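Mapped onto mature numbering (1 follows the signal peptide of the UniProt record, and there is no 0), the consecutive letters of the sequence shown carry residue numbers -17 to -1, 1 to 769. Backbone N, C-alpha and C define an ideal beta-carbon position, used for all residues, glycine too. Quantities reported herein were computed from a predicted structural model and do not represent experimental measurements.
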Amino acid sequence: MKKLLIALSLLALNLTAQDKQNQWQYYFDRPATIWEESVPLGNGRIGMMPYGGVERERIVLNEISLWAGNKQDTDNPEAHKYLGEIRKLLFEKKNKEAQDLMYKTFTCLGKGSAGVEYGRFENLGNLYVDFIYPDSTAAVSEYIRRLDMNNAMSVNTFKKGGIPYTREYFTSFADDIGVVKYTSGIYKSLGMNISLHRESNYETYASGNILYIFGQSEAGTGEQGMKYIGMVKVVHKDGSLFTTDKEIRIRDANEVTLFISMATDYKGTDHERLVSDLLNKAENNYDKLKQKHIKEYQKLFNRVDITLAKNQNSNLPIDKRLEAFVTDKSDYDLVALYAQYGRYLLISSTREGGLPPNLQGLWAHQIHTPWNGDYHLNINLQMNLWGAEMFNLSELHKPLIEYTGSLVKPGEKTARIYYNSRGWVTHILGNVWGFTSPSESPSWGATNTAGAWLCQHLWEHYLYTQDKEYLRLVYPTMKGAAQFFEDMLIEDPNNGYLVTAPTTSPENTYIMPSGEKVCICAGSTMDNQIIRELFTNIATASDILNIDKDWAKILLEKRERLAPTSIGKHGQIMEWLEDYDEAEIHHRHVSQLYGLHPGYEMTYEKTPHLMEAAITTLNRRGDESTGWSMAWKINFWARLKDGERAFKLIGDLLKPAGKSRGTYPNLFSAHPPMQIDGNFGGSAGIGEMLLQSHEGYIELLPSIPAGWKDGKVRGMKARGGAEISFEWKDNKITNIEIEAKADNDFILKSPEGNLHISGINGYKTINDRLHLPMKKGNKVKITISS
């Protein structure tokens, strides 16, 4: 009997471990027919998206730095001559005339983002594998194609004619190459023809056991474009290998492994040598190569775990699971999966020393990517990194921080030429070539607070890490952004406020009393909120670093002269200085709520009247919109402490694309088309529902719906440098563990119940706040009983 109990206990433990291992996965029961059904793999620099075709496999290959275009001088040296006249027209309420003048005088040189010179993110190519089976007419059965986020791998299994076949794919985090392994359950039954292709601008050939693809993207300036190369080394066990000019053919093998290396000459990299070195240095033993990859990847992914309840739909193929979620929202585990998928995509699409994820992350199946696959700086790039800190991936914030720094030098020139200002500025569009001009269309390109918004990320990284040396390094970038507005802000004679002029509320249009529809304005609400935040952060940084204190006082004086966030005739947050109606009431941008999220000047404790007006604003805007807009609204409702409305937006976001703007079968977010910011924003919104720390204290479960009765979170981070794990049951928190990653006095909003605290002396409770003075490395455990 004792042996039986031990055996049953071991079985239960095994099943629990297996269930956990299977949690962060999704699967299909068929091959992909479109790119949005293939599964994304990436190591932050290179990416693969295998389709899992039985007869023909397509694997889309990507390298994050592969861009068309080139550096160009797009600043219009005549623009500043018209700045005074544009402002005069705006202050005379001749906004349409000001806008017309801007179209003639205040744009970039050339075609802007519509020109080849501006560039675009491109895919590197397609790897095709055409399979030869012992019986090509045999039926296929037991087909499974899985994305395993636990290990950053895709596994594809099926039977054809009763013969089992297995395929494994990963992009190594350790060796920086892509790896694909094909095996069969029957001796010498693997045959295939392997080739590389691209839409244009490429050459390919085969030599020995290596396939090559190489070429050069379009520069558009008469200069040479970016060069790229991909190599695929084919290693087979048993059977034979032979080549044609552009193909490698395998016959009668037991297993075949592909080692894939890709690079560009971005920033002068010797790309040919790099791809060769990566292949030569990689571990030849497949199992060791895989284990090294998993170990390196899990250093990031395993930091956070989220548990929410499953239901009977949790084991469905992912496309069917999304369909089921439309009518049955009790599959709460799908929400946890989506949050972790956001973490997975961030880990897979950026890495230290590289580029931040673009509109496509690092995945594209086209040469001409939507919106050039570039960096949109009026929310989209920033949204990509909203979850980096809270989800314990702080080092993955660094590529965005470094990208921001790269805009300073070109942005100084743009600031001087267009605005006669010191400091630096950038507008809505960004690429890898340092584009900072207002672009070709003032109606959306005139927004000039993009750089200041990027500086919020520099500050947030400090808040989470408490790294003063880092703050000292990025302070000059923040200072330059503030200097620009110190010079550029001008008094509006109609009200005495300091305003940005000209500007817009991103991509939106308002209706003048005359009935004219106009975009250009002075002092949009979002601008005021961002600049107010920037000046405040500069003053705080000045105090921390003990520098520029007199200048910080000047900024704070200017801050007080910015227009406050105001409430309009509908009870809404006004989007412009005047109480204009928007031309499109359901517009995707809700820029006037920047101060609610990602900023935090609006809170129930400080500005309850603005919180009520924010609710009115969101109700007027409506819920359904583009994928990223719905993701943003999840964050808004989380900050408004309305878990039910936030969960409703999650449901909208996860509706299968086609029935609405929502989610594609592989969980990519649909603008449409695919735009990855919706994934990152939606994931961050779930994080905001679970933990908030923007008000100076930590609050657990601030915005969960009633249905999330039980759950666990491990490893999330709070501002101030705390790593937090907690559990709840019947909607009440039962256990909390806080680990200090920096010295700090942490403040926790006290959960309901009797608190039993260990691991700390000297804590105190003030009102409903628990004050915990902690040193780096200290751990506090709190158990709550009723």
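Item: Rounded distance between the beta-carbons of Gly610 and Ala653, thought under 8 Å; Value: 5 Å
Item: Asp660 - containing alpha helix (DSSP H), residue span; Value: 660 to 673
Item: Option nearest Gln439 by Cα separation, candidates Tyr458, Lys451, Arg70; Value: Tyr458
Item: DSSP-derived helix/strand/coil call for Glu565; Value: strand
Item: Every unbroken alpha helix (DSSP H) within the region 417 to 481, with a cutoff of 4 residues, ordered by chain; Value: 425 to 428, 433 to 448, 451 to 471
Item: Sub-9 Å separation of Met245 and Leu107 beta-carbons; Value: yes
Item: Burial state of Thr713 (16 or more Cβ within 10 Å); Value: Reading off the sequence shown, one finds Asp at residue 713, where the question assumed Thr. Asp713 comes out exposed.
Item: Secondary structure, beta strand (DSSP E): runs of 3+ residues fully inside the region 697 to 746; Value: 705 to 712, 715 to 723, 727 to 732, 737 to 741
Item: Residue closest to Gly641, alpha-carbon to alpha-carbon, out of Met657, Ser124, Leu632; Value: Met657
Item: Reference Thr600; option with closest CA among Gly626, His553, Leu130; Value: His553
Item: Rounded Cβ spacing between Pro340 and Ile659 (contact assumed at less than 8 Å); Value: 6 Å
Item: Coil, strand or helix - Ile362 by DSSP; Value: coil
Item: Status (buried if at least 16 other CB within 10 Å, exposed otherwise) for Phe225; Value: exposed
Item: Distance, Pro639 Cα to Glu20 Cα; Value: 12 Å
Item: For Lys271: DSSP bridge partner residues; Value: In DSSP, Lys271 forms no bridge with anything.
Item: Neighbourhood of Asp316 by C-beta distance below 7 Å, restricted to the same chain and skipping five residues each side; Value: Leu291, Ala292, Lys293, Ser297
Item: Nearest neighbour of Val112, chosen from Glu230, Ala435, Gly144 [CA to CA]; Value: Glu230
Item: Ser244 - DSSP class collapsed to helix/strand/coil; Value: strand
Item: Contacts around Leu(-7), its chain only, beta-carbon distance under 6 Å, and the 5 residues preceding and following it disregarded; Value: Bear in mind that the predicted position of Leu(-7) carries a pLDDT of just 38, short of 50, making it too unreliable to give a figure here.
Item: Touch test, the region 379 to 389 against the region 64 to 80, Cβ-Cβ under 8 Å, three pairs minimum; Value: no
Item: Close Cβ partners of Gln4 (< 7 Å) along its chain, the five nearest in sequence each way excluded; Value: Confidence is the limiting factor: at Gln4 the pLDDT is only 47, short of 50, which leaves the residue's position unreliable and the question unanswerable from this model.
Item: Cβ-Cβ distance between Ile350 and Glu182 below 9 Å; Value: yes
Item: Beta-bridge pairing of Pro756 - partner residues as DSSP gives them; Value: Asp728
Item: One or two residues paired with Cys504 in a DSSP bridge; Value: Thr486
Item: Own chain, CB closer than 7 Å to Ala62, minus 5 neighbours either side, in chain order; Value: Thr88, Phe89, Ile400, Tyr401
Item: Length of the line joining the Cα atoms of Gly745 and Phe374; Value: 29 Å
Item: For Lys54, the first and last residue of its enclosing beta strand (DSSP E); Value: Where Lys54 is concerned, there is no enclosing beta strand (DSSP E), given that its DSSP letter is neither H nor E.
Item: Continuous beta strand (DSSP E) stretch holding Gln575: start and end; Value: Unbroken run through Gln575: none, as it is neither H nor E.
Item: Three-pair Cβ contact test at 8 Å for the region 716 to 726 versus the region 749 to 758; Value: yes
Item: Residue nearest to Lys764 in terms of C-alpha spacing, selected from Leu731, Asn750, Ile749; Value: Leu731
Item: Unbroken stretches of the alpha helix (DSSP H), 4 residues or longer, contained in the region 574 to 647; Value: 591 to 604, 610 to 622, 626 to 636
Item: Segment limits, alpha helix (DSSP H) that includes Pro382; Value: 381 to 389
Item: Complete alpha helix (DSSP H) runs within the region 493 to 560 (minimum length 4 residues, chain order); Value: 508 to 528, 532 to 542
Item: Three-state secondary structure (DSSP) of Ser768; Value: strand
Item: Sequence-distant residues of its chain with Cβ nearer than 8 Å to Lys94 (five each side left out); Value: Glu100, Tyr101, Glu423
Item: Per-residue DSSP class, three states only, for Val138; Value: strand
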